[in-house]
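Protein chains: 2
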Amino acid sequence: MATTGPEIEQLIQLLARMPGLGPRSARRAVLHLIKKKDSLMIPLSAALDRAVAAVTECSVCGNVDTVSPCHICADPRRAESGLLIVVEDVSDLWALERAGVGSVRYHVLGGVLSPLDGVGPDDLSIDSLIHRAPEFTEVVLAVNATVEGQTTAHYITDRLQPSGIRVTRLAHGVPVGGELDYLDEGTLSQALKARTLI
Amino acid sequence: MATTGPEIEQLIQLLARMPGLGPRSARRAVLHLIKKKDSLMIPLSAALDRAVAAVTECSVCGNVDTVSPCHICADPRRAESGLLIVVEDVSDLWALERAGVGSVRYHVLGGVLSPLDGVGPDDLSIDSLIHRAPEFTEVVLAVNATVEGQTTAHYITDRLQPSGIRVTRLAHGVPVGGELDYLDEGTLSQALKARTLI
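Chains A and B supply the protein sequences, listed in that same order. If you're matching positions, the first sequence starts at 53 in our numbering and goes up one per residue. If you're matching positions, the second sequence starts at 53 in our numbering and goes up one per residue.
See below:
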């Protein structure tokens, strides 16, 4: 038995499929939208329509934008550092941008190598990375510190070797604000090995 | 410095104003939408457009629906029990419907009396409740067990007294599945007073 009209029920069901929202919070979100119909629901509806029409994938780096090449790839100042940061996903690119890492360019792999899930090199944007890399002076493999991430990093390092380009990875260590007591042994031992002069 | 196009940034900002979503989770939600453009983003955009056009408030009870009177008020079987359940908000109505409380009708107050916040009887749907109540055999005040909720319940009881209609409230007691140890003293003492024969 539906509590409300079919248009509202359908909206609840679709919102419940968003990450971080379940059936209950989707219901609450829809009531919130309806209460703020003029200030939130109608603008959101219009923004979603516009985003659907505008969104595209950058043909160079794989970033999500409304233009292609995206405005990071189109910005000539981004080439100055000569750094190309390789990430698994667009969300990682956005996280690095939020951190303000500076004038760098990116390359989104679209995932990591995972033989068990049937993800091979051809399923990721690796060929285009090898093709782009010679434009840069250094390739930073900012993949996640997981087994798949590290496997992918090794694979890319091997493929880039003939080009002689400098390949680096992010530093391991203690997160800023982190407490040693809560860190795993692997991180701690890496942080000690890579200790720096104060 | 925006990481992505203005249409996408605007969508993130609007989604971040939804309950349960912040700036970070809104960003994640938008990336999820873009990844599932055909299966989620486009249907959601269409559903939101349809809901904006269809949503309305029931002129009788205050429920949110796509027709007015809403389909609870329009359903003749809902009158059989003679029960009118008074709730603060549409979300409470939906919660009771999910609980399957049976063939009842509802009245949404749109809030509770709160002199400090400047909410008086005229700001709530109390006059229309007094007007409707004589159609029913019993009015259940299912307001929240807060000070404002209880004040509102007292006020409505006073206003309904001349009509001679039976006015009740929800039982206080131990939540089903709840542990005594975690319950406050008020609930426990109410639950003991209202103990029932097994």
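In this text, a Cβ means the ideal position worked out from N, Cα and C, and glycines have one as well.
Euclidean distance between Cα positions of residue i and residue j
{"i": "leucine 145 (chain B)", "j": "proline 58 (chain A)", "result": "17 angstroms"}
{"i": "glutamine 185 (chain A)", "j": "isoleucine 86 (chain B)", "result": "The question names glutamine, yet the displayed sequence has alanine at residue 185 (chain A). One C-alpha to the other measures close to 27 angstroms."}
{"i": "glycine 154 (chain A)", "j": "aspartate 179 (chain A)", "result": "26 angstroms"}
{"i": "valine 112 (chain A)", "j": "serine 177 (chain A)", "result": "10 angstroms"}
{"i": "glutamate 190 (chain B)", "j": "isoleucine 217 (chain B)", "result": "6 angstroms"}
{"i": "alanine 103 (chain A)", "j": "serine 91 (chain A)", "result": "18 angstroms"}
{"i": "valine 116 (chain A)", "j": "isoleucine 64 (chain B)", "result": "13 angstroms"}
{"i": "valine 4 (chain A)", "j": "leucine 165 (chain A)", "result": "For residue 4 (chain A) there is no data in the structure shown, the boundaries of chain A being 53 and 250."}
{"i": "alanine 106 (chain B)", "j": "valine 119 (chain B)", "result": "8 angstroms"}
{"i": "glycine 201 (chain B)", "j": "valine 226 (chain B)", "result": "19 angstroms"}
{"i": "valine 142 (chain A)", "j": "glutamate 132 (chain B)", "result": "57 angstroms"}
{"i": "threonine 55 (chain A)", "j": "glycine 134 (chain B)", "result": "19 angstroms"}
{"i": "alanine 98 (chain A)", "j": "threonine 203 (chain B)", "result": "41 angstroms"}
{"i": "valine 228 (chain B)", "j": "isoleucine 137 (chain B)", "result": "21 angstroms"}
{"i": "valine 156 (chain B)", "j": "glycine 170 (chain B)", "result": "32 angstroms"}
{"i": "histidine 84 (chain A)", "j": "histidine 123 (chain A)", "result": "34 angstroms"}
{"i": "arginine 79 (chain A)", "j": "isoleucine 182 (chain A)", "result": "47 angstroms"}
{"i": "alanine 243 (chain B)", "j": "glutamate 187 (chain B)", "result": "32 angstroms"}
{"i": "glycine 152 (chain A)", "j": "alanine 197 (chain A)", "result": "21 angstroms"}
{"i": "proline 214 (chain B)", "j": "lysine 89 (chain B)", "result": "59 angstroms"}
{"i": "arginine 150 (chain A)", "j": "arginine 130 (chain A)", "result": "15 angstroms"}
{"i": "methionine 93 (chain B)", "j": "threonine 108 (chain B)", "result": "24 angstroms"}
Closer than 9 angstroms at the beta carbon, the chain B residues around residue i
{"i": "glycine 247 (chain A)", "result": "It should be noted that the sequence gives arginine, not glycine, for residue 247 (chain A). Residues of chain B passing the Cβ test: none, with the nearest at roughly 32 angstroms."}
{"i": "serine 43 (chain A)", "result": "This structure does not reach residue 43 (chain A), given that chain A is present from 53 up to 250, and the question cannot be answered."}
Same chain, Cβ closer than 8 angstroms to residue i, five either side skipped, listed in chain order
{"i": "valine 139 (chain A)", "result": "Leu145, Leu148, Tyr158, His159, Val160, Leu161, Ala194 and Val195"}
{"i": "alanine 246 (chain B)", "result": "Ala223, His224 and Gly225"}
{"i": "glycine 163 (chain B)", "result": "Glu140, Asp141, Val171, Asp175 and Leu176"}
7 angstroms CB neighbourhood of residue i in its chain, flanking five on each side removed
{"i": "glycine 230 (chain A)", "result": "none"}
{"i": "alanine 205 (chain A)", "result": "Leu193, Val195 and Arg221"}
{"i": "alanine 81 (chain A)", "result": "Leu67 and Leu73"}
{"i": "glycine 238 (chain B)", "result": "none"}
{"i": "valine 125 (chain B)", "result": "According to the sequence displayed, residue 125 (chain B) carries cysteine and not valine. Cys110, Val112, Cys113 and Arg157, listed in sequence order."}
{"i": "leucine 212 (chain A)", "result": "Ile182, Ala185, Val191 and Val219"}
Distance cut-off 7 angstroms: residue i Cβ against heavy atoms of the ligand GDP
{"i": "proline 227 (chain B)", "result": "With respect to the ligand GDP, the structure shown offers nothing to examine, as it has no ligands at all."}
Cutoff 6 angstroms; reference residue i; Cβ partners in own chain excluding five residues on either side
{"i": "threonine 209 (chain A)", "result": "Val219"}
{"i": "methionine 70 (chain A)", "result": "none"}
Chain B residues whose Cβ lies nearer than 7 angstroms to that of residue i
{"i": "isoleucine 86 (chain A)", "result": "Val107 and Val116"}
{"i": "glutamate 149 (chain A)", "result": "Thr55"}
{"i": "leucine 161 (chain A)", "result": "Per Cβ cutoff of 7 angstroms: no residues; leucine 161 (chain A) is ~14 angstroms from chain B at best."}
Under 8 angstroms between C-beta atoms of residue i and residue j
{"i": "serine 77 (chain B)", "j": "glycine 74 (chain A)", "result": "no"}
{"i": "proline 121 (chain B)", "j": "cysteine 110 (chain B)", "result": "yes"}
{"i": "leucine 100 (chain A)", "j": "leucine 96 (chain B)", "result": "yes"}
{"i": "leucine 22 (chain A)", "j": "leucine 249 (chain A)", "result": "This structure cannot speak to residue 22 (chain A), because chain A is shown only from 53 to 250."}
{"i": "tyrosine 207 (chain A)", "j": "proline 167 (chain A)", "result": "no"}
Chain C within 8 angstroms of residue i, Cβ atoms only
{"i": "arginine 129 (chain A)", "result": "The structure shown has no chain C; the protein chains it does contain are A and B."}
Chain-ordered neighbours of residue i on chain A, where CB pairs are closer than 7 angstroms
{"i": "glutamate 102 (chain B)", "result": "In the sequence on display, residue 102 (chain B) carries arginine and not glutamate. What arginine 102 (chain B) touches in chain A: Glu59."}
{"i": "isoleucine 94 (chain B)", "result": "Val104"}
{"i": "leucine 176 (chain B)", "result": "The premise fails here: leucine 176 (chain B) is roughly 15 angstroms from chain A at the closest Cβ pair, so nothing lies under 7 angstroms."}
8 angstroms Cβ cut-off: residues of chain A touching residue i
{"i": "arginine 251 (chain B)", "result": "Residue 251 (chain B) is absent from the model: chain B starts at 53 and stops at 250."}
{"i": "alanine 99 (chain B)", "result": "Glu59, Gln62, Leu63 and Leu66"}
{"i": "valine 119 (chain B)", "result": "Gly57"}
Proximal chain B residues relative to residue i, where beta-carbon distance stays under 8 angstroms
{"i": "threonine 203 (chain A)", "result": "Within chain B, no residue comes near threonine 203 (chain A); the closest Cβ sits about 23 angstroms away, beyond 8 angstroms."}
{"i": "valine 112 (chain A)", "result": "Here the premise fails: no neighbours, minimum Cβ distance about 14 angstroms."}
{"i": "serine 77 (chain A)", "result": "Pro71 and Gly72"}
{"i": "leucine 240 (chain A)", "result": "The contacting residues do not exist; leucine 240 (chain A) stays about 27 angstroms from chain B at best."}
{"i": "leucine 193 (chain A)", "result": "Result: empty, since nearest Cβ-Cβ is about 20 angstroms, beyond 8 angstroms."}
9 angstroms Cβ cut-off: residues of chain A touching residue i
{"i": "leucine 135 (chain B)", "result": "Those within 9 angstroms of leucine 135 (chain B) in chain A number zero; the least Cβ separation is about 17 angstroms."}
{"i": "leucine 165 (chain B)", "result": "By Cβ distance, chain A contributes nothing, its closest Cβ being about 19 angstroms from leucine 165 (chain B), past 9 angstroms."}
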